[in-house]
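**Student:**
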Amino acid sequence: MTTGTGMTKEQGSSPVRSRSLARRRRRDSAARFWRQYRTHRAGLFGLGALLLFALPALTAPLLVGSDVDDVTDAPGGPLEDPSTAFPFGTDRFGRNLLGLVIWGARVSLLVGLLAAVLSVAIGTLIGVTAGHFKGWYATVTMRITDWFLVMPTLVLAIALATVMPRSLLTIVVAIGVTTWPTTARLVRAQTLAVETRPYIERARALGGGHWHIMSRHVLPNVMPLVLAQTTLIISSAILAEATLAFLGLGDPTVVSWGALLQDAREAGAVSSGHWWYLVPPGVAIAVVALAFTLCGRAVEQVLNPRLGVSR
1 MTTGTGMTKE
11 QGSSPVRSRS
21 LARRRRRDSA
31 ARFWRQYRTH
41 RAGLFGLGAL
51 LLFALPALTA
61 PLLVGSDVDD
71 VTDAPGGPLE
81 DPSTAFPFGT
91 DRFGRNLLGL
101 VIWGARVSLL
111 VGLLAAVLSV
121 AIGTLIGVTA
131 GHFKGWYATV
141 TMRITDWFLV
151 MPTLVLAIAL
161 ATVMPRSLLT
171 IVVAIGVTTW
181 PTTARLVRAQ
191 TLAVETRPYI
201 ERARALGGGH
211 WHIMSRHVLP
221 NVMPLVLAQT
231 TLIISSAILA
241 EATLAFLGLG
251 DPTVVSWGAL
261 LQDAREAGAV
271 SSGHWWYLVP
281 PGVAIAVVAL
291 AFTLCGRAVE
301 QVLNPRLGVS
311 R
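Residue numbers for the sequence shown follow the UniProt record's numbering, so the first one is 1 and each next one is one higher.
(1) Report yes if the C-beta distance between L114 and L227 is below 8 Å; otherwise report no.
(2) Rounded C-beta distance between P82 and G94? I'm assuming under 8 Å.
(3) Taking L232 as the reference, give the member of T196, L294, N221, L109 with the closest Cα.
(4) Does the contact criterion of 3 or more C-beta pairs under 8 Å hold for the stretch 134–147 versus the stretch 175–192?
(5) Taking contact to mean at least 3 C-beta pairs separated by less than 8 Å, is the stretch 85–101 in contact with the stretch 264–281?
(6) When you compare only the Cα positions, how much space is there between G250 and V128?
(7) From I171 to E241, what does the alpha carbon distance come to, in whole angstroms?
(8) Just the C-alpha distance for M1 and R24, rounded to the nearest angstrom, thanks.
(9) Once the 5 residues before and after L261 are set aside, which same chain residues still bring their CB inside 6 Å of it?
(10) Can you tell me whether V140 is buried or exposed, with buried defined as 16 or more other CB within 10 angstroms of its CB?
(11) Mind reading off the beta-carbon distance from G131 to L192? Whole number of angstroms is fine, and I expect it under 8 Å.
(12) With a threshold of 7 Å, establish whether the CB of A291 neighbours any heavy atom of the ligand ATP.
(13) Give the DSSP-derived three-state secondary structure of T90 in the structure shown.
(14) In the stretch 63–141, which residue ranges form an unbroken alpha helix (DSSP H) of at least 4 residues, counting only runs that do not cross its ends?
(15) Pairing CB atoms from the stretch 85–93 with CB atoms from the stretch 264–276, are three or more of them under 8 Å?
(16) Take the Cβ of F292 as the centre, count every other Cβ of all protein chains shown within 10 Å, and call the residue buried at 16 or more, exposed below.
(17) Can you tell me whether DSSP reads S256 as helix, strand or coil?
(18) Buried or exposed: R38, going by 16 or more other Cβ atoms within 10 Å of its Cβ?
(19) Within the same chain, show all residues whose beta-carbon is closer than 6 Å to that of V87, passing over the 5 residues directly before and after it, in chain order.
(20) Going by C-alpha distance, which of V71, P252, S215, S108 is nearest L50?
(21) With a threshold of 8 Å between beta carbons, is R17 in contact with chain D?
(22) Quick check on D146: does DSSP put it in helix, strand or coil?
(23) For W34 and S119, which I take to be in contact (beta-carbon distance under 8 Å), what is that distance rounded to the nearest angstrom?
(24) Which residues in the same chain as S310 place their Cβ atom closer than 8 Å to its Cβ, once the five residues preceding and following it in sequence are excluded?
(25) Between A174 and G65, what straight-line distance do the alpha-carbon atoms span, to the nearest angstrom?
(26) Is A264 buried or exposed, if buried means 16 or more other CB atoms sit within 10 Å of its CB?
Here it is as structure tokens:
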């Protein structure tokens with residue numbers, strides 16, 4: 001039976017069935033991934049720790065208010081000890097440190113995520129293209145990658161953050177453009193392996209161009225590696241952001257964990273024994289970095305079981 005346009009019902013419903021089948025496969029793949037992921041206890045611990053920090057960060061305006069960093073209307077006195085009213089004590093301006101740590105989580109996590117995404121995007125682009133296009137292009141890009149690999153990442157980030165305007169965007173760019181070489185190396189190796197498979201030769205024989213092969217065949221096969229690499233880089237990006245802010249290269253108008261540590265240093269918290277000024281942001285940085293690392297290792301083992309290590 002045909003419709004008014006001359007298309008059979010079977011032909012008309014074929015795209016619908018294809019989309020439904022694709023959605024079902026994605027759901028099945030996600031369910032299979034979760035079943036395997038939850039067998040990794042370390043990965044579950046990391047995920048729980050991330051939720052413990054992410055949920056308060058997302059609801060910070062409701063929990064602590066948007067004026068928590070206001071120094072003109074601080075609720076307490078300078079450097080008050082931890083108490084019922086101020087569980088983490090107060091900073092040198094009398095601000096509630098618990099509220100500052102919660103608010104700082106928004107900035108630190110956001111900068112870490114954006115910097116990691118930028119780093120992985122650059123590394124994936126260079127890795128896929130260098131693995132696909134052979135010859136002089138691959139040689140030049142890999143030599144540039146090697147140069148970035150041997151240069152101290154933190155020194156390059158400090159140099160960029162020094163010459164650029166002090167803002168969160170500067171921190172994101174400084175971290176992102178200095179941490180991509182590892183991803184580029186890994187993605188290029190995976191691309192070279194994928195390009196040797198028979199279906200790539202079939203796609204070329206059928207007239208598939210460079211963009212078609214890279215976007216439809218190579219990129220989907222390297223995405224698991226990219227996902228695992230992203231979760232691992234986020235922890236490094238958060239540590240780098242805290243380091244740059246601690247050195248005074250961050251945005252002075254925003255609150256982050258690194259900025260809190262810088263304030264504590266300037267207030268002489270180390271020599272004066274005001275431990276509550278240092279411990280909360282320092283522990284938060286360490287726990288979040290560890291949590292992302294545990295999640296990244298678990299994702300890596302789920303997506304590539306051959307890595308198999310004891311859980």
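Heads up, the beta-carbon is just placed ideally off N, CA and C, and yes, glycines get one too. In this text the structure is predicted, and so the values were computed from the model without any measurement.
**Tutor:** Looking at the coordinates:
(1) no
(2) So it is not a contact: roughly 14 Å between Cβ atoms.
(3) L294
(4) yes
(5) yes
(6) 33 Å
(7) 7 Å
(8) Residue placement at M1 cannot be trusted, given a pLDDT of 47 that sits under 50; what the coordinates show is reported in the next sentence. About 28 Å.
(9) F246, P281
(10) exposed
(11) 5 Å
(12) Only the bare structure without any ligand can be found here, which leaves the ligand ATP out of the picture.
(13) strand
(14) 97–132
(15) yes
(16) buried
(17) coil
(18) exposed
(19) Reading off the sequence shown, one finds Pro at residue 87, where the question assumed Val. Taken in chain order, the residues that qualify are L98.
(20) S108
(21) The structure shown has no chain D; it contains just one protein chain.
(22) helix
(23) Going by Cβ atoms, the distance from W34 to S119 rounds to 26 Å, so no, they are not a contact pair.
(24) Note that S310 scores 42 on pLDDT, short of 50, meaning its location in the model is unreliable; the coordinates nonetheless yield the value given after this. Nothing listed; no residue qualifies.
(25) 30 Å
(26) buried
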